[in-house]
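For reference, the structure discussed in these notes is given below.
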Amino acid sequence: MHNPHNPLRSAFALALFAPLALAACDESGSSGAADALSGSSEATPEAQETPDTVSLPVAESGWLTVGADGAVQTTFFDAGGRFRDLRNGEPFAQGKWEQRPDGKICFEPDEGAGACWTTAPPDDNGEVIATDEDGMAIALKRITYVAPPSDEEDGG
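The sequence shown begins at -7 in the numbering used here and counts up by one.
The following block contains the structure:
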């Protein structure tokens, strides 16, 4: 079931999580999302970090945020460029993710629009603020990564 009020899909896809139009963050002018997706989970040395942003390593990591409605959104970044979103512990969304050379993390869900997020450095408590291209910000907390069941590792 698709819920347009997903705090991570709309925020880190309000996807951290979760996800949104990768084509919208493809500054190279590429005509398709497939051209923009590399599946690479490592930041490149050319990443352009500023004191306000950071290239956050996310491959094989888990992140949590709590929406305004109290829903708990969890996103897992799997190796190979796939993500999985859970809302209150139930599967909610999945798709592709990419960390661009500029440090942005972009989502392309299997269903719905995609988005890109910029991340600030973690604060003293380990909380990270992610901001989408419309200025919407969400607070994220790293959690223990849980790999997908073996039948999901190939993307579904």
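Virtual Cβ for every residue (Gly too), placed ideally from N, Cα, C.
Within a 10 Å sphere around the beta-carbon of VAL138 sit fewer than 16 other beta-carbons, which makes this residue exposed. With respect to PHE69, GLU82 sits apart: the two C-beta atoms are not nearer than 9 Å. In this structure, the straight-line span from the alpha carbon of ASP124 to that of PHE99 is close to 11 Å.
Boundaries of the beta strand (DSSP E) around SER53: 53 to 58. Only residues of its own chain outside the window of five on either side were considered, and among them ARG76 and ASP102 have a CB closer than 6 Å to the CB of GLN86, listed in chain order. In terms of Cα proximity to GLY73, the closest of ASP61, VAL64 and TRP89 is TRP89.
Distances from the CA of ALA131 to each of PRO140, GLU119, PHE84 and PRO141 were compared; the closest alpha carbon is that of GLU119. Counting along the chain, ASP124 sits inside the beta strand (DSSP E) bounded by residues 119 to 124.
Just so you know, the alpha carbons of PRO49 and GLN65 end up roughly 19 Å apart.
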